[in-house]
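Q: Have a look at the structure that comes next, please.
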Amino acid sequence: MNDRVIIFDTTLRDGEQSPGASMNTAEKLRLATQMEKLGVDVLEAGFPAASEGDFDAVSSIANKIKGIEVAGLARTSKEDIDRAWEAIRAAAKPRIHTFIATSDIHMTYKLKMSRDEVIRKAVEAVRYAKSFTENVEFSAEDGSRSDRDFLCKVFEAAIESGATTVNLPDTVGYAIPQEFGSLVKYVMTHTPNISKAVLSVHCHNDLGLATANTIAAIGAGARQAEVTVNGIGERAGNTSLEEVVMALHTRPNFIPVATGIRTDQIYPTSRLVSMITGIIVQPNKAIVGANAFAHEAGIHQDGILKNPMTYEIMKPETIGLSKNKLVLGKHSGRHALREHLKDLGYDLSDEEIQLVFVKFKELADKKKNVMDEDLEVIVTEGILRTTDIFRLEYMHVTSGTTVMPMASVKLLINDRSVRGAGYGNGPIDAVYNTIAKLTDTGSELLRFSVSALTGGTDAMGEVTVRLRENGLLALGKGADPDIITASAKAYINGLNRLEYLKSHPVVATEGL
Ligand SMILES: [Zn+2]
Numbered sequence: 004m005n006d007r008v009i010i011f012d013t014t015l016r017d018g019e020q021s022p023g024a025s026m027n028t029a030e031k032l033r034l035a036t037q038m039e040k041l042g043v044d045v046l047e048a049g050f051p052a053a054s055e056g057d058f059d060a061v062s063s064i065a066n067k068i069k070g071i072e073v074a075g076l077a078r079t080s081k082e083d084i085d086r087a088w089e090a091i092r093a094a095a096k097p098r099i100h101t102f103i104a105t106s107d108i109h110m111t112y113k114l115k116m117s118r119d120e121v122i123r124k125a126v127e128a129v130r131y132a133k134s135f136t137e138n139v140e141f142s143a144e145d146g147s148r149s150d151r152d153f154l155c156k157v158f159e160a161a162i163e164s165g166a167t168t169v170n171l172p173d174t175v176g177y178a179i180p181q182e183f184g185s186l187v188k189y190v191m192t193h194t195p196n197i198s199k200a201v202l203s204v205h206c207h208n209d210l211g212l213a214t215a216n217t218i219a220a221i222g223a224g225a226r227q228a229e230v231t232v233n234g235i236g237e238r239a240g241n242t243s244l245e246e247v248v249m250a251l252h253t254r255p256n257f258i259p260v261a262t263g264i265r266t267d268q269i270y271p272t273s274r275l276v277s278m279i280t281g282i283i284v285q286p287n288k289a290i291v292g293a294n295a296f297a298h299e300a301g302i303h304q305d306g307i308l309k310n311p312m313t314y315e316i317m318k319p320e321t322i323g324l325s326k327n328k329l330v331l332g333k334h335s336g337r338h339a340l341r342e343h344l345k346d347l348g349y350d351l352s353d354e355e356i357q358l359v360f361v362k363f364k365e366l367a368d369k370k371k372n373v374m375d376e377d378l379e380v381i382v383t384e385g386i387l388r389t390t391d392i393f394r395l396e397y398m399h400v401t402s403g404t405t406v407m408p409m410a411s412v413k414l415l416i417n418d419r420s421v422r423g424a425g426y427g428n429g430p431i432d433a434v435y436n437t438i439a440k441l442t443d444t445g446s447e448l449l450r451f452s453v454s455a456l457t458g459g460t461d462a463m464g465e466v467t468v469r470l471r472e473n474g475l476l477a478l479g480k481g482a483d484p485d486i487i488t489a490s491a492k493a494y495i496n497g498l499n500r501l502e503y504l505k506s507h508p509v510v511a512t513e514g515l
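What follows is the structure, given as structure tokens:
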């Protein structure tokens with residue numbers, strides 16, 4: 004049995020289906036660059052037929068990312084496959100990923116097709132995709148709830164038509180590990196030509212079993228895992244990349260398979276995904292949560308000091324979480340900054356370095372030590388968001404126990420300067436009222452939360468907001484040593500994301 008598991012990352016496609024998690028092309032490119040550094044084998048960059056924005060992002064990624072495979076999703080129609088191919092053709096290793104549902108409930112009620120029609124559609128799609136590239140993946144949507152023998156028949160036909168990977172998704176997150184492992188084993192033994200393709204799995208976490216199901220499937224012979232960083236995705240999310248990789252890494256005797264992931268890039272990637280999407284990682288999240296390596300109970304601490312392996316099954320360094328995160332101080336020069344940004348994965352132009360350097364100096368004046376997280380914020384807010392419609396120019400706030408909180412704010416709206424002032428119940432409320440007035444937004448603020456980016460009282464405050472307008476949902480994120488400024492940045496970021504969604508309407512939301 005092959006001892007290598009292919010890691011297929013779909014953070015940019017299925018992960019982006021998380022409510023509010025839309026990303027612009029610059030942000031997706033940045034994430035794609037980091038995924039390449041992390042060492043995923045296949046990067047599913049998007050669903051090119053779903054929207055113009057998706058198409059643009061996928062083709063930009065295909066043009067830039069040359070070290071790993073770049074996949075584009077397509078339904079079984081020719082139009083979808085044409086669109087996918089057009090978007091990914093510039094990639095060094097393009098992959099077309101086509102899918103159709105195979106469960107009776109989906110075929111009857113959604114597709115209104117018979118089993119034979121579905122097989123015919125699958126065969127046509129794979130053959131057509133194959134006319135563009137050797138590398139074709141076929142997915143049987145809702146595979147875990149499909150008739151076992153029919154599923155094997157569809158896979159056999161897809162492989163016969165040229166599919167090099169066949170994927171078995173647990174689309175609705177319904178499977179149980181023993182059951183899913185046995186289904187994979189059944190497919191491995193009842194699909195006559197399965198040895199000509201890689202069997203893949205794609206799980207959802209509705210019952211909290213996505214990682215368990217994926218591990219069970221790998222144990223039963225699956226050799227590709229479809230995952231997202233931090234497990235983000237629709238509803239309860241997808242299988243989390245870091246959990247699968249670290250389970251395999253930590254228990255090699257149990258399932259003797261390897262991945263190509265550079266585990267020390269796991270934590271930086273997790274941070275970046277959270278920063279760009281605005282989706283916070285829960286503190287008790289396995290591997291990458293803030294508490295995952297915090298042994299605070301006294302008895303554990305005592306053990307850890309004597310020998311870390313008494314309670315730590317993984318070392319924090321393995322996932323790139325080093326205790327020594329001090330990077331740059333007030334006196335660090337431009338050269339040191341450039342080198343450090345390069346280490347973090349940013350290849351910036353001289354102009355961009357200059358912009359980051361100015362912001363870095365401003366921050367170093369307020370904060371003793373500038374950490375990696377701080378630099379990520381400067382780059383995310385200063386470089387990746389340059390296409391923003393709304394930008395904060397200036398704000399001034401007065402508040403206290405004896406005055407009515409008041410804010411005056413100056414914004415750039417499409418490079419036109421506007422200013423205004425307003426009152427509120429507190430300083431943040433005053434700022435938000437003023438920004439809402441200046442931008443004339445029709446959105447509703449659903450959630451507001453604050454956390455600290457790093458340790459210490461001079462740490463940057465990190466604010467996340469969730470906004471809704473006419474059914475569109477957007478998350479906004481902002482960070483600053485001043486919590487009120489961070490709040491303003493988060494609100495403005497959310498408003499910009501809403502504008503992005505309005506100008507990039509999604510025409511297809513199907514998936515697997
Ligand atoms: Zn999915």
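In our numbering, each number is its position in the sequence shown, counted from 1, plus 3. Just so it is clear, CB atoms sit at the ideal spot from N, CA and C, and this is done for glycine as well.
(1) Rounded to a whole number of angstroms, what is the C-alpha to C-alpha distance between LEU476 and PRO22?
(2) Any chance the CB of THR13 is under 8 Å from a heavy atom of ligand 1?
(3) According to DSSP, simplified to helix, strand and coil, what is ASN327?
(4) What's the gap between the Cα of PHE102 and the Cα of GLU47?
(5) Taking Cβ to Cβ, would you say VAL121 is nearer than 9 Å to GLY165?
(6) How would you label TYR131, buried or exposed, when you count the other beta carbons within 10 angstroms and need 16 or more for buried?
(7) Under 8 Å from any heavy atom of ligand 1, does the C-beta of PRO172 make it?
(8) Pair every Cβ in the segment 341-356 with every Cβ in the segment 375-386, then say whether three or more of these pairs are closer than 8 Å.
(9) Do the segment 186-199 and the segment 155-163 touch if we need at least three Cβ pairs shorter than 8 Å?
(10) To test your reading of the DSSP string, which unbroken beta strand (DSSP E) runs of 3 or more residues are found completely within the segment 364-436?
(11) Counting C-beta neighbours from all protein chains within 10 Å, is the total for ASP418 16 or more, i.e. buried, or is it exposed?
(12) Report the partner residues of THR457 according to the DSSP bridge assignment.
(13) Is GLY49 helix, strand or coil when you go by DSSP?
(14) Could you tell me the boundaries of the alpha helix (DSSP H) in which PRO271 lies?
(15) By how many angstroms is the C-alpha of GLU39 removed from the C-alpha of ILE10?
(16) Determine whether the Cβ of GLY236 lies closer than 9 Å to any Cβ atom of chain D.
(17) How far does the beta strand (DSSP E) with SER1 in it reach, from first residue to last?
(18) Quick check: what's the CA-CA separation for HIS334 versus GLN181?
(19) Select from TYR177, MET191, VAL139 the residue whose C-alpha is nearest the C-alpha of ASP152.
(20) I believe PRO484 touches LYS364 by the beta-carbon criterion, under 8 Å. Please report the beta-carbon distance rounded to the nearest angstrom.
(21) Do you know offhand how far ASN327's Cα is from MET116's?
A: Taking the definition as stated:
(1) 6 Å
(2) yes
(3) Model confidence at ASN327 stands at a pLDDT of 49, short of 50, so the residue's coordinates are unreliable and nothing is read from them.
(4) 14 Å
(5) no
(6) buried
(7) yes
(8) yes
(9) yes
(10) 393-401, 409-416, 419-426
(11) exposed
(12) Answer by DSSP bridge pairing: none, since THR457 is not bridged.
(13) Strand.
(14) Start and end: 269-280.
(15) Computed Cα separation, rounded: 11 Å.
(16) Looking at the structure shown, chain D is missing, and only one protein chain is on hand.
(17) Missing from the structure shown is residue 1; the chain here goes from 4 to 515 and no further.
(18) 58 Å
(19) Taking ASP152 as reference, the option from TYR177, MET191, VAL139 with the minimal CA-CA separation is MET191.
(20) That pair is no contact at about 14 Å.
(21) Any reading at ASN327 must be qualified, since the residue scores a pLDDT of 49, below 50, and its modelled position is unreliable; the value itself is stated next. About 59 Å.
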